[in-house]
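In the numbering used here, the protein residues as written are -2 to 225. Virtual Cβ for every residue (Gly too), placed ideally from N, Cα, C. Working notes, structure below.
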């Protein structure tokens, strides 16, 4: 039976990815991967790192090991990269992505529930939120260390929806990575792809309900979908 205007779910909650969606940290991370591997005489194929963004630490290390594990201890490189990036961010907070503050104000003013669902582990999430004074901005936060199965498994988004008391069909997920878009699709969520480093491929275009250039464009999408 096709959905009609009266039985289409109303969007009541918005679930944000963090790195690459709220914060401009993925280009920063890529730069530190390049610099750290260069110390070991390795020229990074940046597409490998980009393809792994949004996944877990284990998935990143496994993926990098497949390409470079015979030449360097990738787990050691991963930790060195993170330490260097953290030291940098303690001096220079990452930029907030275009349109975030406008979107968040709109969501708060209009009674939407909001959550963060990020593959980043809890201590790093806390630090990023502290840098940007985001501590009290969200109703619920799920980190990579809170789940068993990382993106593209939908567990993290299902847990976020549960945390804000909503069903998947009542939420829209904002994502920049293929792993995140796939997770949202598998979990039964509407998903808006806001591209960062990863150029959306055909699979992402099929799975995402919309592709928008920046976060401020989400307001128009929500107003349109909730007017049906």
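Around the CB of residue 138, 16 or more other CB atoms lie within 10 Å, so the residue is classed as buried. When C-alpha distances from residue 123 are compared across 104, 216, 83, the shortest belongs to 83.
Within the same chain, 169, 170, 171, 172, 205, 206, 207, 208, 209, 215, 218 come within 8 Å of residue 189 by CB-CB distance, once the 5 residues on both sides are set aside. Boundaries around residue 138 are those of the beta strand (DSSP E), 137 to 139, since no alpha helix (DSSP H) includes it. Straight-line spacing of the CA atoms in residue 73 and residue 202 works out to 36 Å.
Look at residue 177 here: in three-state DSSP terms it is helix.
With the rule of 3 Cβ pairs closer than 8 Å, the region 24 to 42 does not count as touching the region 150 to 164. Looking only at 86, 69, 51, the smallest Cα-Cα distance to residue 37 is reached by 69.
The bridge partners DSSP lists for residue 111 are 11. The beta carbon of residue 223 sits closer than 8 Å to those of 7, 8, all from its chain and outside the five residues before and after it, given in chain order.
Checking the DSSP bridge columns, you'll see residue 172 partnered with 190.
With 16 or more other CB atoms across the displayed protein chains lying within 10 angstroms of its CB, residue 97 is buried.
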